[in-house]
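Chemist:
So, in C-alpha cells, the structure goes:
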C-alpha cells in the first residue's frame, strides 16, 4: 500500500514547500508517500467556474488507477480528531491492495465526476485554509497518525 497526495497547482510558497518536504520525508519511514502536483490550467479567464472544475476534474481522474481509494479533502467532509484519523487510516491499511489517494482540488472545488469517484471525504477544519497551506497541514496530520499508530511520543493527549 502507498499513499499519494494529489494536488491541483504547484506548491510555490517556499515555507509551505519546506514543510511539505519535511513531513513527506518523515512519512517515508512508515509508508511509501508521494506528492503529485497537477499544473494549474492556463488561460482560464474566459472559462466559468463549472468549466474550470470540469477541466481540472479530467486531469485529476487521469492520475487515478481503478483500484485507488480516493479521498477528497473537502469542506463538507468528515472531521476527525487526530487519534480518530489514525484509527481510520489503520483500518484502511488493513484492507490490502488499495492505495490511498488524498486529493486537494483547485480553488472552485471538484467536478461531479471526481465526487463520484471518491470513497469518502474529509475536512481538516471548519475554517478555510489556502490550498497551499492545506498540503503541509495534511502531511503533518498524516505523519501524526502514523506516530499514533506506532505508539511514538509525537502526539500528546
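Numbering (the working numbering), first residue to last: 944 to 1100.
A virtual CB, placed ideally from N, CA and C, is assigned to each residue, including glycine.
Since we're looking at a predicted model, the values are computed, not measured.
#1: Where does residue 1078 land, buried or exposed, given buried means 16+ other C-beta within 10 angstroms?
#2: Return yes when the Cβ of residue 1081 is within less than 8 Å of the Cβ of residue 1045, no when it is not.
#3: Quick one: Cα of residue 1028 to Cα of residue 1069, how far?
#4: Which same chain residues, not among the five before or five after residue 1016, have their C-beta less than 7 Å away from its C-beta?
#5: For the candidate residues 1000, 987 and 1026, whose alpha-carbon lies nearest to that of residue 1090?
#6: Please classify residue 993 as buried or exposed, where buried requires at least 16 neighbouring CB atoms within 10 angstroms.
#7: What does the alpha-carbon distance come out to for the pair residue 1043 and residue 961?
#8: Tell whether a beta-carbon distance below 8 Å holds between residue 948 and residue 981.
#9: Can you give me the C-alpha to C-alpha distance between residue 944 and residue 1007, rounded to a whole angstrom?
#10: Give the range of the alpha helix (DSSP H) segment to which residue 1057 is assigned.
#11: For residue 984 versus residue 976, is the C-beta spacing smaller than 8 Å?
#12: Does the separation of the CB atoms of residue 987 and residue 1061 fall below 8 Å?
#13: Take the Cβ of residue 1087 as the centre, count every other Cβ of all protein chains shown within 10 Å, and call the residue buried at 16 or more, exposed below.
Modeler: For this structure:
#1: The residue labelled residue 1078 in the question sits at position 135 within the chain shown. Per the 10 Å Cβ criterion, buried.
#2: As a working mapping, residue 1045 is identified with position 102 in the chain shown. As a working mapping, residue 1081 is identified with position 138 in the chain shown. Going by C-beta atoms, residue 1045 is nearer than 8 Å to residue 1081.
#3: Start at 1 with the first residue of the chain shown, and residue 1028 comes out as number 85. Start at 1 with the first residue of the chain shown, and residue 1069 comes out as number 126. Each residue's alpha carbon lies about 16 Å from the other.
#4: As a working note, residue 1016 is residue 73 in the chain shown. For residue 1016, where only same-chain residues beyond five positions count, the Cβ hits under 7 Å are 1045, 1046, 1047, 1065, 1067, 1077 and 1081.
#5: Position 147 of the chain shown, counting from 1, holds the residue named residue 1090. The shortest Cα separation from residue 1090 among 1000, 987 and 1026 belongs to 1026.
#6: Here residue 993 refers to the residue found at position 50 when the chain shown is read from its first residue. Exposed, by the Cβ-count rule.
#7: For the purposes of this step, residue 1043 is identified with residue 100 of the chain shown, where counting begins at 1. For the purposes of this step, residue 961 is identified with residue 18 of the chain shown, where counting begins at 1. Those two C-alpha atoms are separated by around 23 Å.
#8: Walking along the chain shown from the start, residue 948 turns up at place 5. Walking along the chain shown from the start, residue 981 turns up at place 38. No.
#9: To locate residue 944, count along the chain shown from 1; it is residue 1. To locate residue 1007, count along the chain shown from 1; it is residue 64. Those two C-alpha atoms are separated by around 15 Å.
#10: Counted from its first residue, the chain shown places residue 1057 at position 114. First-last of the alpha helix (DSSP H) with residue 1057: 1055–1060.
#11: In the chain shown, residue 984 corresponds to position 41, counting from 1. In the chain shown, residue 976 corresponds to position 33, counting from 1. Taking 8 Å as the Cβ cut-off, residue 984 and residue 976 do not qualify as a contacting pair.
#12: Locating residue 987 in the chain shown gives position 44, counting from the first residue. Locating residue 1061 in the chain shown gives position 118, counting from the first residue. For residue 987 and residue 1061, no; Cβs fall outside 8 Å.
#13: Reading the chain shown from its first residue, position 144 is the one you call residue 1087. With 16 or more Cβ atoms within 10 Å of its Cβ, residue 1087 is classed as buried.
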